[in-house]
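Enquirer: Listed in order, the protein sequences are those of chains A and B.
The numbering of the first sequence is our numbering, which starts it at 1 and goes up by one.
The numbering of the second sequence is our numbering, which starts it at 1001 and goes up by one.
Even for Gly, the Cβ is constructed at its ideal location relative to N, Cα and C.
None of these values were measured; they are calculated from a predicted model.
2 protein chains.
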Amino acid sequence: MKKQLQPIDAEALLQEHGFKKTPLRIMLLEVLSLSPIPLAVKTLQRKTKKVGADPSTMYRALNAFIEAEIVQAITVDKTKVLYELVQTKNHMHHIVCDSCNTVESIPFCVKNIDQQAINMSRLFKKIYSHQLAFVGTCRKCLRTVR
Amino acid sequence: MKKQLQPIDAEALLQEHGFKKTPLRIMLLEVLSLSPIPLAVKTLQRKTKKVGADPSTMYRALNAFIEAEIVQAITVDKTKVLYELVQTKNHMHHIVCDSCNTVESIPFCVKNIDQQAINMSRLFKKIYSHQLAFVGTCRKCLRTVR
DNA sequence: ATACAAATGCAAATGATTTGCAATAACATA
DNA sequence: TATGTTATTGCAAATCATTTGCATTTGTAT
Ligand SMILES: [Mn+2]
Ligand SMILES: [Mn+2]
Ligand SMILES: [Zn+2]
Ligand SMILES: [Zn+2]
C-alpha cells in the first residue's frame, strides 16, 4: 500500500511553537508536509511563489523551524541541501539518484545501528542520531542514460 | 589495538593517476593519509602552509582528487565539508560531536544495508554507495559541557 | 483600538568556492 | 642538459547561496 501524506495543521503547529501565523510560514509547512521527498530551497521558493516572499524571509523561516526542530536539513552531498518536516513517528533515510538527483525518502532503519557504532568508537559513548543516505541511479535514469 | 596510519606514497599515487607531482599535491595527500579523521579545507590549508598554496589551487587539487576518486568529501551537515582519502579496503562512516564538532571515522558497516534499502524503494533497484553519519557528544565534551 | 514583539522586504555584507587568464613549473623527449 | 608541450599555479574577479542590519509592516494579546 502506498503511503498517504496528510496535510499538516500548519497554523496549529506554528502556534504550538510560539510562531506567528504568517502566510509564508503557513504555506511552507503545508508544502513540506505534502511532499514525499525533501525539498531544495529553490523548489520551496517556487512552490510558495503565491505568497511571494523574499529569499531572506525564506531562509529565516527555515532556520527558525530547524531551531525549533520542526524541520530538518539533510545534506546529501556538499552541494545539495534539502529540507523536510521532522517525522517523529518514523525517521527517514534517503536515496539519491546520481544522475538526476531525484531523492526518495524511505522509512528505513537498521536495528541497533547506533549501538554498533558506539561499540566501535573510542571517543563517543552515546549517539543521539544518525543520517544515512544512499546513492544509486533511479529506474528512470537507468532507461535514459546509456 | 590501535589502528596504525601508514603515510601514503603520494608521488606514486599522483603518477598512477597522471597528475604532475607538485609540492602542494604531494603534501596534501601526505597530510590526508596521516590523519585519522576527515579534514576541513581550513585545516588542510593550515597543515600545508609550508608549501604556501593559493586557496584556488587547494580547491582545484581537492576537486581533481575527488574526480579521480582518490579523495572523498563527506558532508556532515549543511555547513561542514570534510575531506578524506578513499579507503578501498574498508569504507568509513563517521561520528560527529554536536558540541565541538570532533569527527571520528569508524570502519563500520551494517551487512546488507544496501539491499535492505533497495527492498523498500519504489524508484531504485540498485544502490552504489551510502553515507552514514552519527551525531552524539564526545566524551571530552560530556565532561566540559554542563 | 492600542501596544509590543515578531516577521518581513530590501539592500548590502559575507564567505566559501569557482573561473579566466597570463605566468610558471613539471615532464617527456630530443 | 636544453627544449617544447601541457598541466598547474597565482592572482583578481566573478559567482552563488546564505546572512545580516535596519526601517517598516504584520500578528497577537490586552
Ligand atoms: Mn536510521
Ligand atoms: Mn557502510
Ligand atoms: Zn534519476
Ligand atoms: Zn566534542
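Look up residue 1077/B in the DSSP assignment and give the residues it is bridged to.
Expert: Paired residue(s): 1080/B.
Enquirer: Compare the Cα-Cα distances from residue 41/A to each of 29/A, 55/A, 33/A and report the closest residue.
Expert: For the residues 29/A, 55/A, 33/A, the minimum Cα distance to residue 41/A belongs to 55/A.
Enquirer: Tell me whether residue 67/A sits in a helix, a strand or coil according to DSSP, three-state version.
Expert: In the structure shown, residue 67/A sits in a helix (DSSP, three-state: H, G or I).
Enquirer: If you draw a straight line from the C-alpha of residue 116/A to the C-alpha of residue 1137/B, how long is it?
Expert: Spanning the two alpha carbons is a distance of roughly 16 angstroms.
Enquirer: Could you confirm whether any beta carbon from chain B is found closer than 8 angstroms to the beta carbon of residue 52/A?
Expert: Taking Cβ atoms only, chain B never reaches closer than 8 angstroms to residue 52/A, which makes this a no.
Enquirer: For residue 17/A, which three-state DSSP category applies?
Expert: Residue 17/A falls in the coil class under three-state DSSP.
Enquirer: With distances taken Cα to Cα, identify the nearest neighbour of residue 1069/B among 1125/B, 1128/B, 1017/B, 1140/B.
Expert: Checking every option, the nearest Cα to that of residue 1069/B belongs to 1017/B.
Enquirer: Which residues in the same chain have their Cβ closer than 8 angstroms to the Cβ of residue 84/A, if we skip the five residues on either side of it in sequence?
Expert: Counting only Cβ-Cβ distances below 8 angstroms, and skipping sequence neighbours, we find 32, 35, 37, 38, 39, 71, 72, 74, 92, 105.
Enquirer: Got a sec, what are the start and stop residues for the alpha helix (DSSP H) residue 47/A sits in?
Expert: Unbroken alpha helix (DSSP H) run through residue 47/A: 41–47.
Enquirer: Identify every residue that forms a DSSP beta bridge with residue 1142/B.
Expert: Its beta-bridge partners do not exist; DSSP assigns none.
Enquirer: Nearest to residue 1126/B by alpha carbon, out of 112/A, 119/A, 124/A, 142/A?
Expert: Of the listed residues, the one whose Cα sits closest to residue 1126/B is 142/A.
Enquirer: Using a Cβ-Cβ cut-off of less than 7 angstroms, give me the residues of the segment 60–83 of chain A that come near chain B, in sequence order.
Expert: Listed by position along the chain: 73, 75, 77, 78, 81.
Enquirer: State buried or exposed for residue 1048/B, treating a residue as buried only when at least 16 other CB atoms are found within 10 Å of its CB.
Expert: Buried, by the Cβ-count rule.
Enquirer: Which residues share a DSSP beta bridge with residue 95/A?
Expert: BP columns for residue 95/A point to 104/A, 134/A.
Enquirer: Excluding five sequence neighbours on each side, which residues of the same chain lie with their C-beta closer than 7 angstroms to the C-beta of residue 1124/B?
Expert: Around residue 1124/B: 1118.
Enquirer: Closest to residue 140/A by C-alpha separation, out of 1131/B, 1122/B, 1134/B, would be which residue?
Expert: Checking every option, the nearest Cα to that of residue 140/A belongs to 1122/B.
Enquirer: On the DSSP letters alone, give me the boundaries of the alpha helix (DSSP H) that residue 25/A sits inside.
Expert: Run containing residue 25/A: 23–34, per the alpha helix (DSSP H) assignment.
Enquirer: Check whether the Cβ atoms of residue 1028/B and residue 1044/B lie closer than 8 angstroms to each other.
Expert: Yes, the Cβ-Cβ distance between residue 1028/B and residue 1044/B is below 8 angstroms.
Enquirer: Please go through the same chain and pick out, in chain order, the residues whose beta-carbon is closer than 8 angstroms to the beta-carbon of residue 24/A, but skip the five residues on each side of it.
Expert: Here the set comprises 48, 51, 53, 57, 58, 61.
Enquirer: Residue 1087/B to residue 20/A, Cα distance in whole Å?
Expert: Rounded to whole angstroms, residue 1087/B to residue 20/A spans 49 angstroms at the Cα level.
Enquirer: For a contact meaning CB atoms closer than 8 angstroms, what does residue 137/A contact in chain B?
Expert: Those within 8 angstroms of residue 137/A in chain B are 1124, 1126, 1128.
Enquirer: What residue range is occupied by the uninterrupted alpha helix (DSSP H) comprising residue 117/A?
Expert: It spans 113–120 - the alpha helix (DSSP H) in which residue 117/A sits, taken as one unbroken run.
Enquirer: Is the closest heavy atom of ligand 6 to the C-beta of residue 54/A under 7 angstroms?
Expert: With respect to ligand 6, the structure shown offers nothing to examine, as its ligands consist of ligand 1, ligand 2, ligand 3 and ligand 4.
Enquirer: Would you say residue 134/A lies against chain B (beta-carbon separation less than 8 angstroms)?
Expert: Yes, residue 134/A lies at the interface with chain B (some Cβ there is under 8 angstroms from its Cβ).
Enquirer: If we ignore side chains and look at the alpha-carbon of each, how far apart do residue 66/A and residue 1009/B end up?
Expert: Spanning the two alpha carbons is a distance of roughly 44 angstroms.
Enquirer: Please classify residue 1002/B as buried or exposed, where buried requires at least 16 neighbouring CB atoms within 10 angstroms.
Expert: In this prediction, residue 1002/B has a pLDDT of 47, which is less than 50 and means its spatial position is unreliable; what the coordinates show is noted afterwards. By the neighbour-count rule (16 or more Cβ atoms within 10 Å), residue 1002/B is not buried but exposed.
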